[in-house]
Amino acid sequence: MKYFEISDADNKSIRMSRIILGGVQFGTTLTREQSFELMDKYIERGGNTFDTARVYCDWLENGHSASERTIGEWIKSRNNRKEIILATKGGHPAAAGVSRLSKEDILGDMDKSLETLQTDYVDLYLLHRDDVNIPVNEIMDTLHILVQQGRARAVGVSNWTCERIKEANAYAMENNKTKLVISQIQWSLAECFPQNFNDLTLVCMNPKEYRQYVELGMPVMAYSSQANGLYSKANERGLEYVPSKLQKFLTLENINRYNNLLKLCRKKGYSRTAVALNYIMDNRLNGSAIIGCTNLDQLNDCMMAAEITLTEEEIEMLV
0 MKYFEISDAD
10 NKSIRMSRII
20 LGGVQFGTTL
30 TREQSFELMD
40 KYIERGGNTF
50 DTARVYCDWL
60 ENGHSASERT
70 IGEWIKSRNN
80 RKEIILATKG
90 GHPAAAGVSR
100 LSKEDILGDM
110 DKSLETLQTD
120 YVDLYLLHRD
130 DVNIPVNEIM
140 DTLHILVQQG
150 RARAVGVSNW
160 TCERIKEANA
170 YAMENNKTKL
180 VISQIQWSLA
190 ECFPQNFNDL
200 TLVCMNPKEY
210 RQYVELGMPV
220 MAYSSQANGL
230 YSKANERGLE
240 YVPSKLQKFL
250 TLENINRYNN
260 LLKLCRKKGY
270 SRTAVALNYI
280 MDNRLNGSAI
290 IGCTNLDQLN
300 DCMMAAEITL
310 TEEEIEMLV
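Numbering (numbering that gives the first Met the number 0), first residue to last: 0 to 318.
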């Protein structure tokens, strides 16, 4: 397995696997038993980091997340809380254009997540979305409270632009507050565009964001790291025959990248999944890939990616 490190508020290392198991499917698409089996196998293969959110999957009775509940039950049954890195997210919008980043919302989401996960802290707490109409100091002050209370070791954000991240950390540095140490963004070998998802609150990796992340030196957790399986699901007839829900990725640039992917796979004998994930993990930008699997075959295919390494030249060949 490949690993990277971030620092918590006490400057202690948090060692995270570069392949991160996403839990959006736990407790709904997958049964409790199927979810437990995947998490067990992930640990056996060297993974140690789990990503979930209060909004994964549908909120259950009393506002509990199916994903968080399933992961919490697994942790309790395996008695392994100290051996894993647990990340969850809050502050998801209530509806289009209705943000939930007030102090009350953020602290309330954390309360419910910890209750559902059956733990008194998470290693990493992230905010699911941004709202540029809310002063960044208000948000950072609230995140600082969570860390000071010991309920989060470190904090980050999801779907924030680098400009807002820089603004937030400048405020934190000037006022002795907890800094953001990591970011989640939609990033894969396939380019994506928020307008194609009918959700302008998303932030997709693009050349501008990429350059800024490199300059910041901030690690990135890539969600949709395989573009929802775009390249792995393309059959011998080509990309035009992928499921309709993936058609939004079919730009000329992504078709060219698919052809580059096939060339490299044939040359090296690697699977498309392994190459696509290593585009993230071996990138000059400090990247880790969140994977979402629904069976052991998919998990094993993804975990094999950690057994190979792409050179800088090979990564450049892909794009």
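All C-beta atoms in this analysis are idealised placements derived from N, C-alpha and C, irrespective of residue type, glycine included.
Treat the numbers as computed from the prediction; the structure is a model and nothing was measured.
- Secondary structure of Thr115 (DSSP, three-state): helix.
- Counting only residues of its own chain and dropping the five nearest sequence neighbours on each side, Met109 has a CB closer than 7 Å to the CB of Gly89, Tyr124, Leu145, Arg150.
- Between the C-alpha atoms of Ile42 and Arg53 there is a straight-line separation of about 23 Å.
- By the neighbour-count criterion, in which a residue is buried when 16 or more other Cβ atoms sit within 10 angstroms of its Cβ, Ala93 is exposed.
- Looking only at Gly107, Val121, Ser98, Lys102, the smallest Cα-Cα distance to Glu82 is reached by Val121.
- Straight-line spacing of the CA atoms in Met15 and Ala167 works out to 24 Å.
- The C-beta distance from Arg152 to Asp300 rounds to 31 Å, too long to meet the 8 Å contact threshold.
- If you look at Glu4, you'll find it isn't in any alpha helix (DSSP H); it sits in the beta strand (DSSP E) that goes 2-6.
- Ranked by Cα distance from Asn175, the options His143, Asp198, Glu312 are led by His143.
- Arg256 carries a helical assignment under DSSP once its states are collapsed to helix, strand and coil.
- Here the alpha carbon of Ile184 sits roughly 20 Å from the alpha carbon of Asn47.
- Leaving aside the five residues that flank Leu298 on each side, the residues in its chain whose CB is nearer than 7 Å to its CB run, in chain order, Leu37, Lys40, Tyr41, Cys292.
- Counting every other CB atom within 10 Å of its CB across the protein chains shown gives Ile138 a total of 16 or more, marking it as buried.
- With a cut-off of 8 Å on Cβ pairs, the stretch 177-197 is in contact with the stretch 247-263, counting three or more such pairs.
- For Asp50, the enclosing beta strand (DSSP E) covers residues 48-50.
- DSSP places Met139 within a helical segment (H, G or I) once states are collapsed to three.
- For Val202 against Leu284, the beta-carbon gap comes to about 15 Å, at or over 8 Å, which does not count as contact.
- Following the DSSP letters along the chain, one finds Arg31 inside the alpha helix (DSSP H) bounded by residues 31-43.
- DSSP places Ile74 inside the alpha helix (DSSP H), whose first and last residues are 65-77.
- If you ignore the 5 residues before and after Asp50, its C-beta comes within less than 6 Å of the C-beta of Ile19, Gly21, Ala86, Ile289, all in its own chain and listed in chain order.
- Per the coordinates, the alpha-carbon of Ile133 lies some 19 Å from the alpha-carbon of Glu173.
- In the structure shown, Thr160 adopts coil according to DSSP, grouped into three states.
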